[in-house]
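For the sequence shown, numbering that gives the first Met the number 0 assigns the number 0 to the initial residue and increments by one for each residue that follows.
Okay, structure first, notes after.
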Amino acid sequence: MNYYRTFLLLFFFIVQIAPAQDEQERREAEIINVQRTIVAKLTGHEPIKGKKVLTSRASKSERKLAADYLLTSLNEAGLEGEKHTYNVADKKGNQYNGVNVYAEIPATNGSDEWVIICAHYDTVDKSPGAVHNATGVAIAFYVAKKLGELEERNKNFMVVFFDHWKSNMIGMRRFITTKLQKDSYNVHSMHRSDYMGWDNDEDRAIELLASSLSLESLYRLESPVPIYKRTVATPESRFFSNFGYETVTLTAELKNADNSPFVRQSEDKYTTVNFKYLASTTEITYSVMKALAKE
Numbered sequence: 000m001n002y003y004r005t006f007l008l009l010f011f012f013i014v015q016i017a018p019a020q021d022e023q024e025r026r027e028a029e030i031i032n033v034q035r036t037i038v039a040k041l042t043g044h045e046p047i048k049g050k051k052v053l054t055s056r057a058s059k060s061e062r063k064l065a066a067d068y069l070l071t072s073l074n075e076a077g078l079e080g081e082k083h084t085y086n087v088a089d090k091k092g093n094q095y096n097g098v099n100v101y102a103e104i105p106a107t108n109g110s111d112e113w114v115i116i117c118a119h120y121d122t123v124d125k126s127p128g129a130v131h132n133a134t135g136v137a138i139a140f141y142v143a144k145k146l147g148e149l150e151e152r153n154k155n156f157m158v159v160f161f162d163h164w165k166s167n168m169i170g171m172r173r174f175i176t177t178k179l180q181k182d183s184y185n186v187h188s189m190h191r192s193d194y195m196g197w198d199n200d201e202d203r204a205i206e207l208l209a210s211s212l213s214l215e216s217l218y219r220l221e222s223p224v225p226i227y228k229r230t231v232a233t234p235e236s237r238f239f240s241n242f243g244y245e246t247v248t249l250t251a252e253l254k255n256a257d258n259s260p261f262v263r264q265s266e267d268k269y270t271t272v273n274f275k276y277l278a279s280t281t282e283i284t285y286s287v288m289k290a291l292a293k294e
């Protein structure tokens, strides 16, 4: 009799968890399907337009192809993609002509707060830039796509793909000063991903740098995987904080040396990306954005 009861309890437990597992697998497959395409085209694993294949996203022509692709992708996802162009010289007289690509996802309740999800899309020369940073672009794109499908958003959201990261973050700097600051956006927080997509020990853990305990706590609350706290600020986070913006940076486990050894090299390819890990981090990020949308 005890054996029979144990069997029944086990049966009902399996019946209850099976639908949840099926739903989780479905979501993971959906994320991977979208992100494989983005990373493949940005890294030259697949043609980005016609027969044109990127070798990196460093030259002006390759960055233009990448920007055009991202703009088209945003529009096809039901978001209104826009270009933010700039032409500026640095103190040494070097001229930078670039394009940031972005889309606004308005709140449904008239809020004036903006949550910004961002990543840089350019690379160093001769690097396909998979983990650095096509994967960050893939996270931001998918999360923005899903946010646009929500029926209710109590905050505005914006997705931004920055140009010229490798040139002292000029694209990001120009976007903040000539767009966010100039147009007086009330920025709640900025969230960015980089160096994501390598998970040698397959624990799906991430590293997090947050400017506030509330943001750090929110990610920890929504994460089913270990989160390691980063204690060293990044140049991007320092720049954001100069304007009083709360920020979050997500990476692979740099602290524990579980990160890609190919960053900024010719071997930073599509084939090195762990897409299940990328999907896991993407789902955490989306869960956080959904929580912010409900506040």
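Every residue, glycine too, gets a C-beta built ideally from N, C-alpha and C.
{"Asked": "So the alpha helix (DSSP H) residue 295 belongs to, where does it begin and stop?", "Found": "Residue 295 lies beyond the residue range present for the chain, which begins at 0 and ends at 294; the question has no answer from this structure."}
{"Asked": "Any contact of the segment 234-241 with the segment 264-276, i.e. 3+ C-beta pairs under 8 Å?", "Found": "no"}
{"Asked": "Is the beta carbon of residue 161 closer than 8 Å to that of residue 171?", "Found": "yes"}
{"Asked": "How is residue 99 classed by DSSP in three states: helix, strand or coil?", "Found": "strand"}
{"Asked": "Keeping to the same chain, check which residues put their C-beta closer than 6 Å to that of residue 244; ignore five residues upstream and five downstream.", "Found": "186 and 189"}
{"Asked": "Quick check on residue 293: does DSSP put it in helix, strand or coil?", "Found": "helix"}
{"Asked": "Just to confirm my understanding: we take residue 0, look at its own chain, exclude 5 residues before and 5 after, and list those with CB closer than 8 Å. What are they?", "Found": "Because residue 0 sits at a pLDDT of 47, beneath the cut-off of 50, its placement in the model cannot be relied upon, and the point is left open."}
{"Asked": "Could you check which residue in 142, 59 and 155 has the C-alpha nearest to that of residue 282?", "Found": "142"}
{"Asked": "Determine the direct distance from the alpha carbon of residue 96 to that of residue 22, and round the result to whole angstroms.", "Found": "45 Å"}
{"Asked": "Can you give me the C-alpha to C-alpha distance between residue 32 and residue 45, rounded to a whole angstrom?", "Found": "14 Å"}
{"Asked": "Residue 122 and residue 57 - do their beta-carbons sit closer together than 8 Å?", "Found": "yes"}
{"Asked": "For residue 193, count the other beta carbons within 10 Å of its own beta carbon; 16 or more makes it buried, fewer makes it exposed. Which is it?", "Found": "buried"}
{"Asked": "Identify, in the order they occur along the chain, each residue of the same chain with its Cβ nearer than 7 Å to the Cβ of residue 262, setting aside the five sequence neighbours on each side.", "Found": "130, 131 and 194"}
{"Asked": "Across the segment 103-111 and the segment 68-76, are there enough close Cβ pairs to call them in contact, namely three or more that are closer than 8 Å?", "Found": "no"}
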